[in-house]
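K.L.:
Chains as they are written, first to last, in the working numbering: chain A, 90 to 485; chain B, 90 to 485.
Beta carbons: idealized from backbone N, C-alpha and C, even for Gly.
Structure below; questions to follow.
Number of protein chains: 2
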Amino acid sequence: MAVIVQKYGGTSVGDAERIRAVARRVAVTRLAGHEVVVIVSAMGHTTDHFLDLSRQVSPNDHPREMDMLLTAGERISMALLAMAIRDLGVEAVSLTGSQAGILTNTVHGRAEIEEVRAFRVKEHLDRGDVVIVAGFQGVSAVNKEITTLGRGGSDATAVAMASYLGADACEVYTDVDGVFTADPRLVPEARKLDEVSYDEMAEMAGAGAAVLMSRSVELGRRWGVPLHVRSSFHHGEGTWVRPATAGPPRLIGIAHDPDQALVGLAAEEDAAVVAEALLAAAIPADTVGVGRDGAGAAVPRDQAAAAVAALAARPGSGEVVLNEGVGKVSLVGAGVADRPDTVARAGEVLDAAGIPVLLTAATPLRLSSLVPAESLDEAVRVLHGVFFAPGPGGAR
Amino acid sequence: MAVIVQKYGGTSVGDAERIRAVARRVAVTRLAGHEVVVIVSAMGHTTDHFLDLSRQVSPNDHPREMDMLLTAGERISMALLAMAIRDLGVEAVSLTGSQAGILTNTVHGRAEIEEVRAFRVKEHLDRGDVVIVAGFQGVSAVNKEITTLGRGGSDATAVAMASYLGADACEVYTDVDGVFTADPRLVPEARKLDEVSYDEMAEMAGAGAAVLMSRSVELGRRWGVPLHVRSSFHHGEGTWVRPATAGPPRLIGIAHDPDQALVGLAAEEDAAVVAEALLAAAIPADTVGVGRDGAGAAVPRDQAAAAVAALAARPGSGEVVLNEGVGKVSLVGAGVADRPDTVARAGEVLDAAGIPVLLTAATPLRLSSLVPAESLDEAVRVLHGVFFAPGPGGAR
């Protein structure tokens, strides 16, 4: 008998029919003899509805009350899911983040989990109940205020609970079959990966692979929780995210991120100046280098204006350049940047496809290229075709 | 400086505009120097929406999870109201029933408040905050399960909180100006009552006056809380419900209840048999007597079938009669049944208007007549015209 934590996102519980489908899946796991804790997000559009209501009432920020409002969302989905599971003859109870002992700091809207005291979860597991826990929410340890965990919060709840319970797996359900060598919506021949390390997954997620949030990968690594990214549509195995096993370095996949902007300085200054200016302004920039038009960096598009301001405010002169129409394509794998042949070949492949590379940067686990946004999908496809070709012809 | 508890129902917070209107009212009270606790129900149609969702998911009863689901409703309205109040420059926080220390028994769906431990409410009041408390909900003292208080639950929360705080008033906001000598929608010349006793109000409410629930009047009496029923549309005084003051007995008003059925036994048995059979089946019947067609009782229409079954199951014979098309009109006032002239006059007035009286019954505070449902409104008007005529000509 194993202890299994299952996490279902808002789409998986988007309506009554889907809630009943999730209930069947949970019941099957329980009836197979496992102890099951389910972490659930708010139903599909609930959060948007609440945000809309709050905007109708107030134009201002009220972080404490916004958390109170938003946490009604998981309350709805978890109660409905508990009903659907009980209808299948399996005992189930829902618990709020507070009841489940998810203790956080006091930062409303993006709290961090500080401790888990899930006594009530354990009591119910001991009785044989399936326990449904509200994702995304907790209660501050110091003043008992309701908090939310921000983006990816339900994943964080799942990983924290799995760690506390010493769970055999933290299953993250999604609408794809697992982690692929590229986004299968763009690259139909992309292959599902059976297992990746935390490092590899973190790099893929950070470079744009949306299947799992960087934050949950980081928490999984920190707390030693085996993650299993799998489909909510069938019972096949997905992708396990676990500590690295011994073996030669390998390429993992092509990640891409369409929501990037390139900011830089024309010609006369070097990449370190750009990196320092952005760092000082707390703007994330993990792809910094010297490219076609000077030193530059990729930043999230919604932070482009802030990035331009940060560069303009630096000591020294030189025109700040901005290109909001760029995407980032990344070849992820251990030691990728240390292989001159790989770096050169990536450049040749994009060049041969007529895709201009605006900037290239490498980290120990990743080689990223900025390309015009309209060429991003094609860049993903041609790089995948070369580095992940099926059969013995592939570079892998 | 007074301590004021204000209770707003679901209609008062039905949309963003109304929430802002309530916020202005609360802010005015706070800025006048009072300590203010606001009890709020779920927004207008929220509860119906949740009930609909739960029916889509499950055909069965899940009382614990239904309470978890429904309590999301007040969470939404209270957070939005807190935002709207804060926008006016008045500090406000919302607290769930659990956070506000509303401790109940364990009966999901219709829990009773056992104790109030509103430490957090007091702390916030001491800081100058307006405190918004979710009505209708609490937490069970023995096992920390979320409960709901059933019909009239928000009023119960308000009265309990007012008692705990020793509030100067528990203000119950409504869409009418207070308690009237008759429903002003039926009787335009009905007069607002400035003050009634708990006993008088309980009798009016029990006989159908919908402005205040019997349960909240009963709690007000038990805990000695002065209730102030008033309009949410203006700042005029409404009706105070307080302990009786010395003075001659008086008539209070005409209450009516359209949702009644008359069940009875044809001719040969007496009213006591009817009363006992209904009592044994736990069917409320506060109007029992011998009428035109034999011994009978008025019961809530939705319990008519159960009442017929209870009478049919009694020892003895005799046909059970049922008339589902009746309404109850009640003349409320101390000693009303002890005045033969009043009883006689009521009968004459209805007779003169051509309204058949199917059954009459009296209690120390009330004289009730069952009439055909289609004649109920007219019965209210003619009785009010005689017993509450304006000016010195009135019986009062």
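Using beta-carbon positions only, say whether R470 of chain A and V276 of chain A come within less than 7 Å of one another.
P.N.:
yes
K.L.:
What does Q145 of chain B reach in chain A if we use C-beta pairs closer than 7 Å?
P.N.:
A105
K.L.:
Count the other CB atoms within 10 Å of the CB of F476 of chain B; is the residue buried (16 or more) or exposed (fewer)?
P.N.:
Buried, because 16 or more other Cβ atoms sit within 10 Å of the Cβ of F476 of chain B.
K.L.:
Is the distance from the Cβ of G309 of chain A to the Cβ of G353 of chain A below 7 Å?
P.N.:
With contacts defined as CB atoms closer than 7 Å, G309 of chain A and G353 of chain A fail to qualify as a contacting pair.
K.L.:
Going by alpha carbons, who is nearest to A451 of chain B out of B:P445, B:V438, B:D427?
P.N.:
B:D427
K.L.:
Between R113 of chain A and chain B, is any beta-carbon pair separated by less than 7 Å?
P.N.:
For R113 of chain A, the answer is no, since every Cβ of chain B falls outside 7 Å of its Cβ.
K.L.:
Could you please tell me which residues of the segment 120-140 of chain B, in chain order, have their CB closer than 8 Å to any CB of chain A?
P.N.:
F139
K.L.:
Assign K233 of chain B to one of two classes, buried (16 or more other C-beta atoms within 10 Å of its C-beta) or exposed (fewer than that).
P.N.:
When all chains shown are included, K233 of chain B counts as exposed.
K.L.:
Terminal residues of the continuous beta strand (DSSP E) containing I343 of chain A?
P.N.:
340-355
K.L.:
By Cβ distance below 7 Å, which residues in the same chain neighbour G103 of chain A in space, the five residues on each side in sequence not counted?
P.N.:
Excluding residues within five positions, the ones whose Cβ falls inside 7 Å are M132, G133.
K.L.:
Tell me whether E204 of chain A sits in a helix, a strand or coil according to DSSP, three-state version.
P.N.:
Judged by DSSP in its simplified three-state form, E204 of chain A adopts strand.
K.L.:
Quick one: Cα of P404 of chain B to Cα of G178 of chain A, how far?
P.N.:
42 Å
K.L.:
What does DSSP give as the partner residues of V220 of chain A in its beta bridges?
P.N.:
A:V126, A:V182
K.L.:
Please state whether the Cβ-Cβ distance between I174 of chain B and V210 of chain B is less than 7 Å.
P.N.:
Result no, Cβ atoms of I174 of chain B and V210 of chain B do not sit closer than 7 Å.
K.L.:
In or out: E51 of chain A buried (at least 16 other Cβ within 10 Å) or exposed?
P.N.:
This structure does not reach residue 51 of chain A, given that chain A is present from 90 up to 485, and the question cannot be answered.
K.L.:
Measuring CB to CB, does V425 of chain B end up less than 7 Å from L472 of chain B?
P.N.:
No.
K.L.:
How far does the alpha helix (DSSP H) with T246 of chain A in it reach, from first residue to last?
P.N.:
242-254
K.L.:
For a cutoff of 7 Å on Cβ pairs, would you count E154 of chain A as touching chain B?
P.N.:
yes
K.L.:
For the structure I just gave you, are there three or more beta carbon pairs, one from the segment 231-245 of chain B and one from the segment 287-304 of chain B, closer than 8 Å?
P.N.:
yes
K.L.:
Does the distance from the CB of T334 of chain B to the CB of V268 of chain B come in under 7 Å?
P.N.:
no
K.L.:
Any beta carbon of chain B sitting closer than 7 Å to that of N232 of chain A?
P.N.:
no
K.L.:
How about L459 of chain B and A387 of chain B: do their beta carbons lie closer than 7 Å?
P.N.:
yes
K.L.:
Nearest to E212 of chain A by alpha carbon, out of A:A364, A:A435, A:S320, A:G190?
P.N.:
A:G190
K.L.:
Can you tell me whether V231 of chain B is helix, strand or coil according to DSSP?
P.N.:
coil
K.L.:
Out of curiosity, what's the CA-to-CA distance linking H151 of chain A and M172 of chain B?
P.N.:
6 Å
K.L.:
Do the segment 330-346 of chain B and the segment 275-295 of chain B make contact, defined as three or more Cβ pairs closer than 8 Å?
P.N.:
yes
K.L.:
Going by beta-carbon coordinates alone, are M250 of chain A and V94 of chain A separated by less than 7 Å?
P.N.:
yes
K.L.:
For a contact defined as C-beta to C-beta under 9 Å, what are the partners of D176 of chain A on chain B?
P.N.:
What D176 of chain A touches in chain B: V146, S147, P148, N149, H151.
K.L.:
Please go through the same chain and pick out, in chain order, the residues whose beta-carbon is closer than 8 Å to the beta-carbon of R274 of chain A, but skip the five residues on each side of it.
P.N.:
none
K.L.:
Can you tell me whether DSSP reads E365 of chain A as helix, strand or coil?
P.N.:
helix
K.L.:
Starting from T270 of chain A, trace the alpha helix (DSSP H) in both directions and tell me its first and last residue.
P.N.:
Unbroken run through T270 of chain A: none, as it is neither H nor E.
K.L.:
Would you mind giving the Cβ-Cβ distance between G385 of chain A and V418 of chain A, rounded to the nearest angstrom? I have them listed as a contact below 8 Å.
P.N.:
16 Å between Cβ atoms; not a contact.
K.L.:
Please list the partners that L275 of chain B has in chain A, where partner means a Cβ-to-Cβ separation under 8 Å.
P.N.:
None at all; the shortest Cβ gap to chain A is about 36 Å.
K.L.:
For the candidate residues B:P453, B:S464, B:A433, B:V421, whose alpha-carbon lies nearest to that of A442 of chain B?
P.N.:
Distance check between A442 of chain B and each of B:P453, B:S464, B:A433, B:V421 places B:S464 closest, using alpha-carbon atoms only.
K.L.:
In angstroms, rounded to a whole number, what distance separates the CA positions of G239 of chain B and R144 of chain A?
P.N.:
31 Å
K.L.:
S101 of chain B CB to nearest chain A CB: under 7 Å?
P.N.:
no
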